[in-house]
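So the structure is just underneath, and the comments pick up after that.
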Amino acid sequence: MGWDKRIVVRGIRMNECIFCKLPKEVNLVENELARAFYDKYPVSEGHVLIVPKKHAASFFDATAEEMASVGDLLTKVKELLDERFHPDGYNVGANVGTAAGQTVFHWHIHVIPRYNGDAGTVRWHT
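FYI, in our numbering the residues of the sequence shown are 49 to 174.
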């Protein structure tokens, strides 16, 4: 019996996806197409993930509407984190593909508050 492509992305069945299984109660904020919640393994205090509600493996599979919804939540999440944690800066980004460090194949954006003097600086060289 073959896999149904509608429920399998990158070898992970949607009903096994940790992001798809999370209850609504963990949401920090949400809109019609996306939700945001605290990362279970935070890089720093206040680390949030913004995740589309529709299961898709790659950031590059997102529709324009999903990108806009994620962008709207990014603004709201920053406001909430500024109020609660008063960070000195942010890292915002996505890991796309195993080679880039993606470990959960339901695309998502990391919003990582940074504080003066914290360890583990994320740097992208240009």
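In this text, a Cβ means the ideal position worked out from N, Cα and C, and glycines have one as well.
Going by beta carbons, E78 and K102 fall outside the 9 angstroms limit.
Take K126, set aside five residues on each side of it, and the residues of its chain with a beta-carbon closer than 8 angstroms to its own are Y138, V159, in chain order. The three-state reading of DSSP puts G94 in coil, since its state is none of H, G, I, E or B.
Inter-residue distance for G145 and V99 is about 16 angstroms (C-alpha atoms, whole angstroms).
When the alpha-carbon of N164 is set against those of P71, E64, C68, E93, the nearest one is in E93. Here H95 has D87, I160 as same chain residues with Cβ atoms under 6 angstroms from its own Cβ, once five neighbours each way along the sequence are excluded. DSSP places E73 within a helical segment (H, G or I) once states are collapsed to three. In the assembly as shown, F108 is an exposed residue. Its beta-carbon has fewer than 16 other beta-carbons within 10 Å.
In terms of Cβ geometry, H154 and F67 form a close pair [threshold 9 angstroms].
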